[in-house]
Amino acid sequence: MAPSIAPSDNVVLSSTEKDASLADRNTFATRVAGKGADPEKKALFASVTKRIDYTPKIGTELHGIKLAELTDQQAEELAAFIAERGVVFFRDQEGLDRKEHVKLGQRWGPLHVHPLVPHDQESPELIVLDSRLSPPGSYNTNNSWHSDVSFEPYPSSFSILKFEEIPEAGGDTIWSNGYQLYDNLSQPLKTLLEGLTATHTSDRFREFQAKTGRKAFGKLNDSVHPVVRTNPITGWKSVFTNSVFTREINGLSPTESKWILEYLNDLTSKRLDYQVRFSWKKDSVAIWDNRSTFHTGVPDFQPYFRKGVRVTVSGEAPYYDAENSGTQAEAFKKTADAIIAKQEKEAAEKSNVDPALQLA
Ligand SMILES: [Fe+2]
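In structure tokens, the structure reads:
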């Protein structure tokens, strides 16, 4: 496919008087979608024809699911599965048109209207990530890791991204695991971070506005969130700071805050064992948990273009529950131990088969 330079249709780039306060109406989820879902997710997996875990702790591709046709129970179990796996991938979702895309997000909570990113003319909750409108050349992959809209007082639970147009090659997205980032810190550092909060800001967007003069759809917010948060679905702890929106850790000296934020971002961006990478095809969809993962696009695809559409589900105010939180590491060990025990039992049973039968 030759690169096209046709302008994107049906996109609203910046606010007019009519929609200048669209994003000010953003609100929070009144229930935690996925909480209390069947731990075995039987309804969801009744439709799954193939499961591919990209890595042990983050990223799974599911086949056999049509996202536009999920039952209520399947949608609930999928939310829980995404919180456990961090990000889940789907192929060939042509049935998830823009209308269905919005409807899917609404099953899990109120949809966020982005204060600055261009959106679909019909649905302001559907943002349009079009490289013609925002060329990717200006960032590098070290300072672009983020959790979507963490500057909001009620940041996102889930994002649902679909690509309508993909470049000839490149334009992958990489996610990094916030649970693992927490789990592998030393106990003294964990203890320090568990007592701290950080300020997340819209400064990047303010800089962008100053450069381009683009008018926002509402207020550009700043918010204070715990540095370690509990995922309300899994109950697992994760680090919740990122290189795009987190300006400082409160209560530390500016130098200490900078060092720690840089250290956490270094681990996010450099630890390959925390990461999963996804190559998009047309009609691929990724849904991820913004509470416990970070992500970045890979800006390697120019001069080609790509166009994706995303809805961002608003979650709750982030919290840290010292008493009742677990970790992914503990849960993973339990699952892995059970799998290994089962494999060993099966191997032992096989070796106990009557030797006479094995002659056949
Ligand atoms: Fe993002």
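For the sequence shown, full-length UniProt numbering begins at 1 and goes up steadily by one. We treat Cβ as the ideally placed atom computed from N, Cα and C, and that holds for glycine. All values derive from a computational prediction rather than experimental measurement.
Pull the bridge partners of residue i from the DSSP assignment, please.
i           : result
residue 363 : With the chain covering only 1 through 360, there is no way to say anything about residue 363.
Ser314      : Ser156
Val113      : Looking at the DSSP assignment, Val113 forms no beta bridge with any residue, so it has no partner.
Gln275      : Ser176
Ala286      : Phe89, Leu161
Lys215      : Lys215 is not bridged to any residue.
Thr60       : Asp53, Val88
Leu252      : Leu252 pairs with nothing; no bridge assigned.
Thr246      : His200
Ser238      : Arg229
Leu129      : Gly308
Gly326      : Trp236
Val11       : Asp120
Assuming residue i and residue j form a contact by the criterion Cβ under 8 Å, report the distance between their Cβ atoms to the nearest whole angstrom.
i      : j      : result
Val88  : Ile233 : Their Cβ separation, rounded to whole angstroms, is 13 Å, which puts Val88 and Ile233 out of contact at 8 Å.
His146 : Phe240 : No, His146 and Phe240 are not in contact; Cβ-Cβ is about 11 Å, not under 8 Å.
Asn265 : Leu196 : Not confirmed; about 16 Å, so no contact.
Val11  : Val128 : 5 Å
Ile160 : Val244 : Not really, about 20 Å apart at Cβ, beyond 8 Å.
Lys237 : Ser325 : 5 Å
Asn221 : Pro153 : 6 Å
Glu76  : Gly34  : 6 Å
Gly109 : Gly315 : 7 Å
Gln93  : Leu44  : With 8 Å as the limit, Gln93 and Leu44 do not qualify as a contact, their Cβ atoms being about 16 Å apart.
Tyr320 : Glu194 : 6 Å
Lys282 : Ile174 : About 20 Å separates the two Cβ atoms, so there is no contact after all.
Thr141 : Ser351 : Between Ser351 and Thr141 the Cβ distance is about 49 Å, and since that is not below 8 Å, they are no contact.
Leu181 : Tyr274 : 6 Å
Gly86  : Trp280 : Gly86 to Trp280, Cβ: 17 Å. No contact.
Ala216 : Ser15  : 6 Å
Would DSSP call residue i helix, strand or coil?
i      : result
Thr296 : strand
Glu346 : helix
Gly105 : helix
Glu40  : coil
Trp259 : helix
Ala20  : coil
Asp97  : coil
Asp120 : strand
Lys307 : strand
Asp72  : helix
Ala6   : With a pLDDT of 48 at Ala6, under the threshold of 50, the predicted position of this residue should be treated as unreliable, and no value is reported.
Met1   : Low confidence applies here, because Met1 scores a pLDDT of 39, under 50, leaving its location unreliable and the question unanswered by this model.
Would you say the beta carbon of residue i comes nearer than 8 Å to a heavy atom of ligand 2?
i     : result
Lys50 : Absence of ligand 2 from the depicted structure is noted, with ligand 1 being the only ligands included.
Problem set entry | Beta carbon shell of ligand 1 at less than 6 Å from a heavy atom | His146, Asp148, His295
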